[in-house]
Amino acid sequence: MYRLLFVVGLLVILYFLARRAIRELSGWTGQAQALDSKNQMVQDPVCRMYVPRGSAVAESIGGQIYYFCSRDCAQAFQKQLSG
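Rendered as C-alpha cells:
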C-alpha cells in the first residue's frame with residue numbers, strides 16, 4: 024500500500040516537473056501572452072511616461088513608429104529632431 028502511494032506521489036512530481044520544463048523550453052510565460060498589443064505599455068521618449076499602446080499617440084518619424092502620451096510630447100519630439 025505504501026509502495027503504491029509512493030509511486031503515485033513520484034508520478035505527480037514528475038508530471039509537474041515535465042510540464043514546467045516544456046513551458047520553459049517553448050518560451051511560454053502565460054502573463055506575456057495574456058496581454059494583447061493594445062494593452063502593452065510603451066514609453067514616451069519625451070517625458071518617459073508609460074502609456075497603453077492603444078491610447079498612445081503614434082507618429083511615424085524617419086521610418087520608425089514612436090508612441091507618445093499626448094500631441095504636445097509628439098510635437099516636442101519633432102522639434103528636438105529638427106533643431
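Residue numbers (this note's numbering): 24 to 106. Glycine is no exception: its CB is placed at the ideal position from the N, C-alpha and C atoms.
Check your understanding: Tell me, which residues are paired with Met64 by DSSP?
Key -> Numbered from 1 along the sequence shown, position 41 holds the residue referred to as residue 64. Per the DSSP secondary-structure output, Met64 pairs in a beta bridge with Pro75.
Check your understanding: For Val80, which of helix, strand or coil comes out of DSSP?
Key -> Here residue 80 refers to the residue found at position 57 of the sequence shown. For Val80, the secondary structure class from DSSP, reduced to helix, strand or coil, is strand.
Check your understanding: Touch check for the segment 76 to 90 and the segment 33 to 48: three-plus C-beta pairs under 8 Å?
Key -> Per the Cβ contact rule, the segment 76 to 90 is not in contact with the segment 33 to 48 (fewer than 3 Cβ pairs under 8 Å).
Exercise for review: Give me the Cβ distance between Ile64 and Cys92, rounded to the nearest whole Å; I'm assuming they're in contact under 8 Å.
Suggested key: Residue 64 sits at position 41 when you count from the first residue of the sequence shown. Residue 92 sits at position 69 when you count from the first residue of the sequence shown. Before going on, a small fix: residue 64 reads as Met here, not Ile. The Cβ separation is near 11 Å, so there is no contact.
Practice item. Could you tell me which residues DSSP pairs with Phe91 in its beta bridges? Key: Here residue 91 refers to the residue found at position 68 of the sequence shown. Paired residues: Val80.
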